[in-house]
Amino acid sequence: MAVRTIGELEDRLDNALAWRRIELQTLKSQIRAAYKKSAHSPLTRALARSGIALLYAHWEGYVKESCQAYVDYVAKRRLRVGELNDGLLKVVLDQLNRRSVSGDESAMLALMEAVRTPDNARARIPRDTIVDTKSNLRSTVLSDILQCIGFDADTFLTKNNLIDKTLCDGRNAIAHGRDYYPNPDEFDSLHDEIMSMLADIRSTIMLHAQEQRYRRI
């Protein structure tokens, strides 16, 4: 579904977050209940391990879906090259340069137009390639995505170790069949941190859209 207005963008972000929140909260309750009955039963272990895998899935899924919705929204603004913020400008020019180097004559002409008349040249935002989570959304990948769309990635720098070590390494250990088993307190803490970060992503996107920060200051 196209994202044309602020209202549609907000609805997309809220809907994508709401069902994830419900699913994770339900699993969180089940893990806690199973642990109280038997701390080390196969069911408790299975729920805890699946909880980490699902936390990662929703972390990557929401970041990808919400940032893509923002990119789609910005693309609908039909901006000129000279209007773009630095992050988006770099992406647009880099994409044109890559295509022109590969022999795409139309990209070369578009690049020349962007250089000569940036206030007239239409910005060709590569909507399908900006938000690339690389199937392993570590802090460096998150930073790259946020910078590409003109966001300040420093907000999430304090969470690097949480993202890389606790979440991504934990998920990878489970996905690769290793015996990683978080206790409920560890899961609860990670759950709360990830949900807070997803809420921050949502707030950041809405702020940039409402204040038109996709435009050059």
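In the UniProt record's numbering, the protein residues as written are 1 to 217.
Each residue gets a CB set at the ideal place from its N, CA and C atoms; glycine is no exception.
A quick note: this is a predicted structure, and the numbers were derived from the prediction, not measured.
Closest option to Asp154, judged by alpha-carbon separation, among Ala75, Thr204 and Arg124: Thr204. Sequence-distant Cβ neighbours of Cys148 in its own chain, meaning closer than 7 Å and more than five residues away, are Gly87, Val91 and Ile130. Here Arg215 is bridged, per DSSP, to Leu84. A direct Cα-Cα distance of roughly 8 Å separates Lys134 from Val141. Excluding sequence positions up to five before and after Tyr35, its CB lies within less than 6 Å of the CB of Thr44 and Pro184, all in the same chain and listed in chain order. Excluding residues up to 5 positions away in sequence, Thr133 and Leu137 lie with their Cβ nearer than 6 Å to the Cβ of Glu60 in the same chain. Pairing Ile163 with Ser139 gives a Cβ-Cβ distance under 8 Å. Judged by beta-carbon spacing, Lys64 lies beyond the 8 Å limit of Val3, meaning their Cβ atoms are not closer than that value.
When Pro42, Leu79, Glu186 and Arg49 are compared, the shortest CA-CA separation from Asn172 is found for Arg49.
According to DSSP, residue pairing for Arg122 in a beta bridge involves Arg80. In the displayed model, Ile52 falls within a helix according to three-state DSSP. Residue burial annotation: Asn15 is exposed, with fewer than 16 other C-beta atoms found within 10 angstroms of its C-beta. Beta-carbon to beta-carbon, Arg213 and Glu83 are separated by about 12 Å, too far to satisfy the 8 Å threshold.
Per DSSP, Asp144 is one residue of the alpha helix (DSSP H) stretching across Ser139 to Cys148. Under the three-state reduction of DSSP, Ala2 is assigned to coil, being neither helix nor strand.
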